[in-house]
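Residue numbers (this note's numbering): 2 to 209.
Here you go:
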């Protein structure tokens, strides 16, 4: 599932298949070749072409307008100008509640629980052609919902005080880069959901 840098968009991919037609035996070979009626045609099985659903999973939106994702499932971003041009892929690998903060100046979570969200990101050279040539996955790019489905007013809270910057994702990620790291959220409950929207009206959502 993909989203343009300006708004949500899904990439369409066309699966191509092909087959081979059986050749009719030449008349001169008729005496020593089985009749056409008795020939069994073997059509090669085409190699499957990845489709959006096989690559990114089922395209299911929830009541928040977000695409539902599983931890470990691939997601992607396309160009703001051309949804056929992929500029980045990413995987949210998991979420860890109540981590041990290691910044040396951590404050208690304002909402009740810190959460580490681990993300792997691959950007493509095509990102350099965009009007905005960097991606931002920090805590301000996220929304959160509590156990009752109510949106959390401030999922950033005191999250910036928790972890040493060495374990966090870079502030901005440019073209042709591969990065892994955490972002920290400040959440009110041990169950709920988090959504990556990057400032847009909708994006991707994971239940924890």
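Cβ atoms here follow ideal geometry from the backbone N, Cα and C, with glycine treated the same way.
Everything numeric in this text was worked out from a predicted model, so none of it was measured.
In whole angstroms, what is the alpha-carbon distance linking residue 88 and residue 162?
-> On the chain shown, position 87 is the one that residue 88 refers to. On the chain shown, position 161 is the one that residue 162 refers to. Taking the straight line joining both Cα atoms gives about 31 Å.
By Cβ distance, which residues of its chain are closer than 8 Å to residue 126, with the 5 residues on each side in sequence left out?
-> For the purposes of this step, residue 126 is taken as the residue at position 125 of the chain shown. Closer than 8 Å at Cβ, skipping near neighbours: 176 and 177.
Cβ shell of residue 148 (< 7 Å), same chain only, five flanking positions each side left out = Taking the chain shown and counting its residues from 1, one reaches residue 148 at position 147. Cβ neighbours of residue 148 beyond the five flanking positions: 190, 192 and 193.
When 138, 118 and 153 are compared against residue 98, the one with the closest alpha-carbon | Looking up residue 98 in the chain shown gives position 97. Per the Cα distances, 118.
Any chance the stretch 130–138 sits against the stretch 99–111, with 3 or more Cβ pairs inside 8 Å?
-> no
Answer yes or no: do residue 122 and residue 90 have a C-beta to C-beta separation smaller than 9 Å?
-> For the purposes of this step, residue 122 is taken as residue 121 along the chain shown, with counting starting at 1. For the purposes of this step, residue 90 is taken as residue 89 along the chain shown, with counting starting at 1. Their beta carbons are under 9 Å apart, which means residue 122 touches residue 90 by this criterion.
Using 8 Å as the cut-off, classify the Cβ of residue 148 as near or not near the heavy atoms of the ligand FMN, replying yes or no.
-> This structure does not include the ligand FMN; it has no bound ligands of any sort.
Rounded separation between residue 72 and residue 106 - CA only = As a first step, residue 72 is located in the chain shown; it is residue number 71 there, counting from the start. As a first step, residue 106 is located in the chain shown; it is residue number 105 there, counting from the start. Taking the straight line joining both Cα atoms gives about 30 Å.
Might you give, ordered along the chain, the residues of its own chain that have their beta carbon closer than 8 Å to the beta carbon of residue 63, omitting 5 neighbours on each side?
-> For this step, residue 63 is matched to residue 62 along the chain shown. Cβ within range, chain order: 69 and 206.
Using the Cα positions of residue 112 and residue 140, report the straight-line distance between them to the nearest angstrom.
-> Counting from 1 along the chain shown, the entry for residue 112 is found at position 111. Counting from 1 along the chain shown, the entry for residue 140 is found at position 139. About 14 Å.
C-alpha distance - residue 185 paired with residue 157, whole-angstrom precision = Position 184 of the chain shown holds residue 185. Position 156 of the chain shown holds residue 157. Rounded to whole angstroms, residue 185 to residue 157 spans 8 Å at the Cα level.
Residues that DSSP places opposite residue 97 in a beta bridge | For this step, residue 97 is matched to residue 96 along the chain shown. In the DSSP output, where bridge partners are listed per residue, residue 97 has 117.
Spatial neighbours of residue 129 in its chain, beta-carbon cut-off 7 Å, leaving aside the 5 residues before and after | As a first step, residue 129 must be located in the chain shown, where it is residue number 128. 176, listed in sequence order.
From 204, 152 and 142, residue whose alpha carbon lies closest to that of residue 170 = Here residue 170 refers to the residue found at position 169 of the chain shown. For residue 170, the nearest C-alpha among the options comes from 142.
Sorted by chain position, which residues of the same chain lie with C-beta nearer than 8 Å to residue 114's C-beta, five sequence neighbours on each side aside?
-> Taking the chain shown and counting its residues from 1, one reaches residue 114 at position 113. Within the same chain, residue 114 has close Cβ partners 98, 99, 187, 188, 189, 190 and 191.
So, helix, strand or coil for residue 79, using DSSP?
-> Residue numbering aside, residue 79 sits at position 78 when the chain shown is read from its first letter. Residue 79: strand per DSSP, three-state reduction.
Nearest-angstrom Cα distance between residue 77 and residue 95?
-> Along the chain shown, read from residue 1 onward, the residue named residue 77 stands at position 76. Along the chain shown, read from residue 1 onward, the residue named residue 95 stands at position 94. Each residue's Cα considered, the two are about 17 Å apart.
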